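**Student:** So for the sequence shown, numbering that gives the first Met the number 0 puts the first residue at 0; every next one is plus one.
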Amino acid sequence: MKRSNTLAKKIANLSLSKKAEDVIILDVRELTTITDFFVICSGNSDKQVKAIVDVIIEELEKFGVKPWHKEGYQYLNWVLLDYIDVVVHIFQKDTREYYSLERLWGDAEIISVSDEKVVAHSYLKK
């Protein structure tokens with residue numbers, strides 16, 4: 000648990016370093032066995048989504064942490080990075096709104112990356 004929690008927070012901070020928006024961590028341990036945490040964030044363009052994905056992969060590889068699976072990189076609308084205990088979803092804003100993972104996993108505990116970001120998070124409103 001401690002390792003996955005630390006990894007999720009590190010990923011959230013890396014995404015913020017590339018100006019990702021609406022960054023949240025969902026604790027899904029009580030809801031599923033597939034992973035412990037989701038990190039969800041948005042970018043405003045293909046270029047920004049790519050930069051967010053690249054910084055996460057490159058910085059974690061420095062510590063020997065590599066994604067088990069990567070999906071969506073060729074399209075950059077929704078990129079998924081699977082680190083087993085942490086699954087990262089990097090979206091274009093409109094794609095994130097359409098799929099609304101926050102609503103789908105609405106029973107998950109939200110771990111604040113920044114209280115301001117969570118309060119202002121438009122995708123959590125019903």
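Ideal Cβ placement from N, Cα and C applies to all residues, glycine included.
Please read these numbers as outputs of a predicted model, since none were measured by experiment.
Which two residues bound the contiguous beta strand (DSSP E) that contains V87?
**Tutor:** Taking the first residue of the sequence shown as position 1, residue 87 is located at position 88. That run of the beta strand (DSSP E) goes V85 to Q91.
**Student:** Could you spell out where the beta strand (DSSP E) holding V27 opens and where it closes?
**Tutor:** Numbered from its first residue, the sequence shown carries residue 27 at position 28. Run containing V27: none; DSSP gives neither H nor E here.
**Student:** On the DSSP bridge list, what partners appear for V38?
**Tutor:** Translated into positions along the sequence shown, residue 38 becomes position 39. Bridge partners of V38: I24 and V87.
**Student:** Confirm, please, whether the CB-CB distance from L100 to I39 is below 7 Å.
**Tutor:** On the sequence shown, position 40 is the one that residue 39 refers to. On the sequence shown, position 101 is the one that residue 100 refers to. In this structure, L100 lies closer than 7 Å to I39 by Cβ.
**Student:** With a CB to CB cut of under 7 Å and the five nearest residues on each side skipped, what residues in its chain are close to E58?
**Tutor:** Along the sequence shown, one-based indexing puts residue 58 at 59. Closer than 7 Å at Cβ, skipping near neighbours: L13.
**Student:** Would you call the CB atoms of L80 and K69 closer than 7 Å?
**Tutor:** For the purposes of this step, residue 80 is taken as the residue at position 81 of the sequence shown. For the purposes of this step, residue 69 is taken as the residue at position 70 of the sequence shown. The answer is yes: Cβ separation under 7 Å.
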